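For the sequence shown, the residue numbers in my numbering are -3 to 376. Positions of the beta carbon are idealized from the N, C-alpha and C atoms, including for glycine. Please read all numbers here as calculations on a predicted model, not as lab measurements. Structure first, commentary second.
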Amino acid sequence: YGDVDGGPTRSYMLSMQQADEQHQRLYQLAFGKRPAEELYDLSQDPQQLQNVAALPAYQLVRQRLKIQLETQLRQSGDPRLVGGDSIFESYPYTGGTVFPEHFQRKSPRYATVRLDSFPSAYISPRPVEVLVPVQVSYDQRFPVLYMFDGQNLFHSFTGWGGEVNKGWRVHEVLDSLYLAGSIPQMIVVGIYNSQGRMAEYMPDKPEELLKARIAATEHQWYQSFKTQPPAGGRQLKFIVEELKPYIDAHFHTLPGREHTFVAGSSMGGLISAYAVCEYPEVFGGAACFSTHWPPLEGVFLEYFKTHLPDPATHKFYFDYGTQGLDASYEPFQHIADQALRERGYRLNQNWITRRYEGARHYEDDWHARFHVPIEFLLKQ
């Protein structure tokens, strides 16, 4: 069931759902409680059923699907009906509705499960999209990376200037690293942002200094904090107290700190650093791309200096470019680097900071270097 079509994955799920209670919850989450064959318009795209695994365990499923397919093809007069078993022969996949809208195959080894409106007592409900390995045995468990700006991780989108942005393409990088033997497969939890992104991702500590600088600021970007105060702490409570327990209960995770990481870019990088400092018992490391240190004269650095966790059990990755918004980050990053040194972190061992000449504040640039922190964080 290693093809890019949906039929093999569906057949696998049909055969496994009775045997594995955990998997059954994932099956119902992805496909609902209806039988899987009801979710496909087979006459619209019968190629979904190609290459069903010929193992004995799948023979009954295979035969049932073949009969159903041939019946529909005959009724519709479809010219693709052929004799014998050739309907299951391998030939190039040409498209069609591979998965229901909230379960999409992203690569031969990964699919995404979309939770349209995850409720919370701390922040507004929002979509959460989970990238999961699909070519696995269901006794396997995987490290987990929680990422901010989840809507930009797996799909193309329209950027600020109206151009098409390809996004991070996280699944492509993970595929390449896995095939190269550099990392194990992993789960990525993409948390969508809201219209209040700046406040949601801004750390709410150090409290007194933060309040003073908000009151004094005249910077147009940060005036909004006067009416919409920083709420990074609530964002982290949502992840730690609500989202992570759900993910650990419904997906095959390795839930321990040493297998749980957080990542983001810009303000997402800032709150990723905050997450590890605030919840060192939950997160073992952070990947902070183009970290947006400047808000309120770099106020978060005052907290960062005094709340770094044990370097024996944690890792940090930071980077920045030299073009556009990234060009302003270097002085702040030097302060963060000095704090890491003083806390006992050792460069290129449990902490990395990299300057990328010519790199921009843009998803394509973060995609190009995403492999660096992933290999670093997952290396035992």
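Check: For glutamate 353, which residues from the same chain have a beta carbon less than 6 Å from its beta carbon, with the 5 sequence-adjacent residues on both sides left out?; Outcome: Thr318
Check: Please name the residue in Phe114, His255, Glu338 and Leu239 whose C-alpha comes closest to that of lysine 375.; Outcome: His255
Check: Report the residue ranges of all beta strand (DSSP E) runs contained in full by the stretch 98 to 147; include only those spanning at least 3 residues, in chain order.; Outcome: 99 to 101, 106 to 114, 122 to 129 and 140 to 144
Check: Put aspartate 306 into one of helix, strand or coil per three-state DSSP.; Outcome: coil
Check: Checking 9 Å against the spacing of the C-beta atoms, do methionine 198 and isoleucine 267 come in under that value?; Outcome: yes
Check: Between leucine 232 and tyrosine 275, how many whole angstroms is the CB-CB distance? I'm expecting something under 8 Å.; Outcome: 6 Å
Check: Based on DSSP bridge pairs, tell me the residues matched to aspartate 284.; Outcome: In the sequence on display, residue 284 carries cysteine and not aspartate. Cysteine 284 pairs with Gly260 and Phe314.
Check: Is there at least one Cβ from chain B nearer than 9 Å to glycine 340's Cβ?; Outcome: Here there is only one protein chain, and chain B is not present.
Check: The alpha helix (DSSP H) with glycine 228 in it runs from where to where?; Outcome: 228 to 233
Check: Provide the residue span of the alpha helix (DSSP H) that contains asparagine 164, from first to last.; Outcome: Sequence check: residue 164 is tryptophan here, not asparagine. Element bounds for tryptophan 164: n/a, residue is neither H nor E.
Check: Three or more C-beta pairs under 8 Å: does that hold for the stretch 129 to 147 against the stretch 325 to 334?; Outcome: no
Check: For arginine 356, I'd like the list of residues in its chain whose CB is within less than 6 Å of its CB, leaving aside the five on either flank, ordered along the chain.; Outcome: Gly317, Gln319 and Gly320
Check: Can you list, in chain order, the residues of its chain with a C-beta nearer than 6 Å to that of leucine 111? Leave out the 5 residues immediately preceding and following it.; Outcome: Val124
Check: According to DSSP, is glycine 186 part of a helix, a strand, or is it coil?; Outcome: strand
Check: Determine whether the beta carbon atoms of threonine 108 and phenylalanine 138 lie at a separation below 9 Å.; Outcome: no
Check: Given this structure, state the Cα-to-Cα distance separating tyrosine 106 from leucine 127, to the nearest angstrom.; Outcome: 6 Å
Check: Which word fits glutamine 345, buried or exposed, when buried means at least 16 other C-beta atoms lie within 10 angstroms of its C-beta?; Outcome: exposed
Check: Between Val278, Glu277, Pro305 and Ala269, which lies nearest to tryptophan 289 when the distance is taken from Cα to Cα?; Outcome: Ala269
Check: Quick one: Cα of alanine 211 to Cα of phenylalanine 285, how far?; Outcome: 29 Å
Check: Report all residues from its chain with a CB closer than 6 Å to the CB of leucine 336; omit the five preceding and five following residues, and keep chain order.; Outcome: Trp347
Check: In whole angstroms, what is the alpha-carbon distance linking aspartate 306 and glutamine 334?; Outcome: 16 Å
Check: Could you spell out the range, first to last residue, of the alpha helix (DSSP H) harbouring leucine 193?; Outcome: What sits at residue 193 in the sequence shown is arginine, not leucine. Unbroken alpha helix (DSSP H) run through arginine 193: 193 to 197.
Check: Within a Cβ cutoff of 8 Å, which residues of the same chain sit near valine 368, ignoring the five residues on either side of it in sequence?; Outcome: Tyr313, Asp315, Ile348 and Arg350
Check: Measuring CB to CB, does phenylalanine 144 end up less than 9 Å from alanine 259?; Outcome: yes
Check: Once the 5 residues before and after histidine 363 are set aside, which same chain residues still bring their CB inside 6 Å of it?; Outcome: Trp164 and Arg165
Check: Taking the continuous beta strand (DSSP E) assigned at tryptophan 347, which residues delimit it?; Outcome: 347 to 352
Check: Quick check: leucine 373 and leucine 170, are their CB atoms within less than 9 Å of each other?; Outcome: no
Check: So alanine 332 and leucine 297 are in contact, right, with Cβ under 8 Å, and what is the actual spacing, rounded?; Outcome: 6 Å
Check: How close, in whole Å, do the beta carbons of histidine 310 and glycine 281 come, if the pair is a contact with beta carbons under 8 Å?; Outcome: 6 Å
Check: One question on the structure: do serine 261 and glutamate 168 come within less than 9 Å of each other, judged by their Cβ atoms?; Outcome: no
Check: In terms of residue numbering, what span does the alpha helix (DSSP H) encompassing alanine 211 cover?; Outcome: 203 to 212
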